[in-house]
Every structure is written in structure tokens, then in C-alpha cells.
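*Asks:* Going by my numbering, 290 is the number at position 290 of the sequence shown; the sequence numbering is gapless. Where a beta carbon is used, it is the ideal one built from N, C-alpha and C, also for glycine.
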Amino acid sequence: MAKILGENIKNIPWEEKPEGCRYPVWRYSGNPIITRDNLFFANSIFNSAVVPFGDGFAGVFRVDDRTRYHNIVTGFSKDAINWELNEKVIFNGYDPRICEIENKYYLTWVNLTSHGTTIGVAVTEDFVSWTQLEDATYPVARNGVLFPRKINGEFVMLVRPCDRGHTPYGDIFIQRSKDLNYWGNYRFVMGPEKNWEMTKVGAGPTPIETDEGWLTFYHGVLTSCNGFTYAMGAAILDRDEPWKVLHRADSFLLAPHEIYETVGDVPNVVFPCAALSDAETGKIAIYYGAADTSVALAFTTVDETVKYIYEHDLIK
Ligand code: BMA
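1) Please look up how many angstroms separate the CB atoms of A141 and P161, rounded, as I've assumed it's under 8 Å.
2) To the nearest angstrom, how far is it from the Cα of K3 to the Cα of T281?
3) Could you give the residue range of the alpha helix (DSSP H) that holds T305?
4) Take V110 and list the residues in its own chain whose beta-carbon comes closer than 6 Å to its own, dropping the five residues that flank it on each side.
5) Start and end of the beta strand (DSSP E) containing T35?
6) By DSSP, does I315 sit in helix, in strand, or in coil?
7) Say yes only if the C-beta of N11 is nearer than 8 Å to one or more non-hydrogen atoms of ligand 1, and no if none qualify.
8) Closest by CA to G204, which one among M157, E241, I315?
9) Is the Cβ-Cβ distance between N43 and R36 less than 9 Å?
10) Between S29 and the rest of its own chain, which residues show a CB-CB distance below 8 Å, the 5 nearest in sequence each way excluded?
11) Applying the 10 Å Cβ sphere with the 16-neighbour rule, what's the burial state of Y105?
12) Would you say the beta carbon of F61 is closer than 8 Å to some non-hydrogen atom of ligand 1?
13) Consult DSSP for E261 and reduce its assignment to one of helix, strand or coil.
14) Let me have the residue list for ligand 1: C-beta closer than 6 Å to any non-hydrogen atom, ordered along the chain.
15) Tell me the rounded alpha-carbon separation between L254 and I33.
16) At a cut-off of 8 Å, is F147 close to ligand 3 when judged by its beta-carbon and the heavy atoms of the ligand?
17) Between V201, I172, R176, which has its C-alpha nearest F188's C-alpha?
18) Give the secondary structure of W109 by DSSP, where H, G and I count as helix, E and B as strand, and everything else as coil.
19) Counting Cβ pairs closer than 8 Å, one from the stretch 284 to 299 and one from the stretch 263 to 275, do we hit at least three?
20) What did DSSP end up calling N86 once you bin it into helix, strand or coil?
21) What separation, rounded to the nearest whole angstrom, lies between the Cα atoms of N71 and R62?
22) Between the stretch 173 to 188 and the stretch 216 to 229, can you find at least three pairs of beta-carbon atoms closer than 8 Å?
23) For I286 versus V51, is the C-beta spacing smaller than 9 Å?
24) Measure the CB-CB distance between F299 and W214 and report whether it falls below 9 Å.
25) Out of curiosity, what's the CA-to-CA distance linking V159 and Y138?
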């Protein structure tokens, strides 16, 4: 039995695993939970992230508007399923992640510069006023994901160097910082291994601390004759030296199979950006972008996922 080392979230959204389901991750029956209808100026709302906040939840949402520009807005929810999104754009850019560290909420996102994308960083305590820090990378990088606590006194971020386009390669690296200003101590974490992720991999939700290591969901990309297919994998990283991959599933845990994942602005995309986890019950709720069009929700438990990783472990 693996154990989550973290907070209890009593009101974590949840549905039991459907009878007969043999997979470690199952979808919410009401998917997608957020669509373009949540904001009048949206072409699409997807690749978004949420955290517990107050007695409910807060989130940061990718809204591609009707000029097809990339914006990030905030939103709030009592149950983490029904969301009120704000019209106010807090930053331009895309694929936001949100991470609570020592009672502050850190937003990392793909920041747009004239030289290519960087990892933007901003901090808030209330989701209303934000302080933007220095970018955490030079161009070009995407998928910057912070760990939810300092490790050996340092902030740690997963990051994916890339090119200015729809990068045909990509490995996950780690970088560390004492002050969220100067970053260094870069280490390779992992690259593509199996066919389903052969083109590139990138970090997903904030890693979840367990007694087995950091449970880390990520996306892997396959190039087929019809373009990219994005699916979700999982690995367990060492708690003290998280660039060491202890275990890693050889196969995806969630891939585009449902209609809202296979049909949309970019077909065949499952892009996880956040996970809520309840230490007491081991429940995990995963938020993912579906087909670059909407936000969907899936469930697992720490036991289901860790068992699956061990049974399909590509680390010998
Ligand atoms: C990536 C990012 C993601 C997107 C994916 C599929 O490069 O732009 O935001 O979901 O492509 O289009």
C-alpha cells in the first residue's frame, strides 16, 4: 500500500471505478467539465490547473480567445467540478500549472516572448493580486512544473527545452533554485522510451509526494501519419534526488479514446496539468486538457497507479 504524504482533501471530487474497468485511471462520467461555454470570449478552454483554496478550490485556466490568442484566467469552485471563471486575463501565455509551497501559490506557464516561449513564474496568496517573478528559463522551454515543497532547501522545477514550433523532440530536465530567481544544477530526468511517447515527453501535474517517491504524471507524444497523439504516463522519482527515475510505466495510463479527446481543435490530445490528492483515502483527481478544446477529469488512487507502474515497470 503506497501512502500519499500530503494534505487531506475531504471534498476531493470523486467517482468510484466503474464495474469491470481494468485500467488504473477512469474518467468522470460528466466529462468534459469545462467547455468554451464557460466564457463568452473563448474559442476553447483546456490545459488548466487547480488547487485546494479556502474551503473550496481555485484554478488557472488556459483560454484561447476568439482571435486565437493565448490567455490565462482564474476561476473558483466549491466542488472542483463546477467552475466560475473570471473574464479578467491575468497573463498571456498557455498551459498553466499552479503549485502551493509554504502557503503561497506559484503559477508557472508558457510565457510568450519575441524570442520564443519561456517558463513564466508568478506568485499569489489570494488569486487576485499576482507578482510576476523573473522567467525561470531562457527561450525556448515549455512544461515548467514546480515540486510542492523545497527539496534539500531548494525549489525544484521540471522543465522541457524545445524549439519555437511544434517541437519534434523533447526530454524532461530538472533545475533548482534557492530563491526562485537564479536557476541551475540542471539534470536530465527522462526522455521517450516506448512507442506511445516516442516523439517527446513533458511534465504534467505538480508531483505528488508518496512514501515510494514523487508520483509524477506526464504527457508523452507519438507521431502517427495523422499527426501528434498525446497520452498520459506515470513515473516515480526519488524523493531526495528527483532526477533519479525509480519506476516508470512502460505504457500509457490514459490516452485519447473518448469523443471529446479524439475530436476537437487538435484531435487526439490528453494533456494532464493538475492533480488533487487526498492523503487519507489515497484518492487522486486528474485534470487534463482534451483535444485542445475542453477540460476533463479522471480518477485513480495512489495504490492503483503505483501498482500499475510496478507491474509495467520499464526500469529494471
Ligand atoms: C503542445 C502545447 C499544448 C497542446 C499540444 C497539442 O505543443 O501547445 O498546449 O495541448 O501541443 O496541441
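*Replies:* The short version:
1) Along the sequence shown, one-based indexing puts residue 141 at 141. Along the sequence shown, one-based indexing puts residue 161 at 161. Indeed, because the Cβ distance is near 5 Å, the residues count as touching under 8 Å.
2) Residue numbering aside, residue 3 sits at position 3 when the sequence shown is read from its first letter. Residue numbering aside, residue 281 sits at position 281 when the sequence shown is read from its first letter. Answer to the nearest angstrom: the Cα atoms are 9 Å apart.
3) What you label residue 305 is simply residue 305 of the sequence shown in a count that begins at 1. Looking at the DSSP string, the run of the alpha helix (DSSP H) that includes T305 is 302 to 311.
4) By 1-based counting over the sequence shown, the position of residue 110 is 110. These residues qualify, in order along the chain: G93, Y94, D95, T117, R142.
5) As a first step, residue 35 is located in the sequence shown; it is residue number 35 there, counting from the start. Counting along the chain, T35 falls outside any beta strand (DSSP E), and DSSP gives it neither H nor E.
6) Stepping through the sequence shown from its first residue, residue 315 is reached at position 315. In the structure shown, I315 sits in coil (DSSP, three-state: anything other than H, G, I, E or B).
7) Within the sequence shown, the letter at position 11 stands for residue 11. False, no ligand heavy atom lies under 8 Å from that Cβ.
8) The sequence position of residue 204 within the sequence shown is 204, counting from 1. Of the listed residues, the one whose Cα sits closest to G204 is M157.
9) Numbered from 1 along the sequence shown, position 43 holds the residue referred to as residue 43. Numbered from 1 along the sequence shown, position 36 holds the residue referred to as residue 36. Their beta carbons are under 9 Å apart, which means N43 touches R36 by this criterion.
10) Stepping through the sequence shown from its first residue, residue 29 is reached at position 29. Closer than 8 Å at Cβ, skipping near neighbours: E15.
11) Translated into the one-based positions of the sequence shown, residue 105 becomes position 105. So Y105 counts as buried.
12) The residue labelled residue 61 in the question sits at position 61 within the sequence shown. Because no heavy atom of ligand 1 lies under 8 Å away, the Cβ of F61 does not count as near it: no.
13) On the sequence shown, position 261 is the one that residue 261 refers to. DSSP places E261 in helix when its eight states are reduced to three.
14) N47, Y94, D95, H166, Y230, V266, V269, F271, G289, D292
15) The count along the sequence shown starts at 1 and reaches residue 254 at position 254. The count along the sequence shown starts at 1 and reaches residue 33 at position 33. So the two alpha carbons sit approximately 17 Å from each other.
16) Because ligand 3 does not appear in the structure shown, any question about it cannot be addressed here, the ligands present being ligand 1.
17) The residue you call residue 188 lines up with position 188 of the sequence shown. Residue I172 is the option with its Cα nearest to F188.
18) Position 109 of the sequence shown, counting from 1, holds the residue named residue 109. Correct three-state label for W109: strand.
19) yes
20) For the purposes of this step, residue 86 is taken as residue 86 along the sequence shown, with counting starting at 1. It is a strand residue.
21) To locate residue 71, count along the sequence shown from 1; it is residue 71. To locate residue 62, count along the sequence shown from 1; it is residue 62. If you take the alpha carbons of N71 and R62, they lie about 6 Å apart.
22) no
23) Position 286 of the sequence shown, counting from 1, holds the residue named residue 286. Position 51 of the sequence shown, counting from 1, holds the residue named residue 51. It is not a contact, given that the beta carbons lie outside the stated cut-off.
24) By 1-based counting over the sequence shown, the position of residue 299 is 299. By 1-based counting over the sequence shown, the position of residue 214 is 214. No.
25) Taking the first residue of the sequence shown as 1, we reach residue 159 at position 159. Taking the first residue of the sequence shown as 1, we reach residue 138 at position 138. Approximately 11 Å, taken between the alpha carbons.
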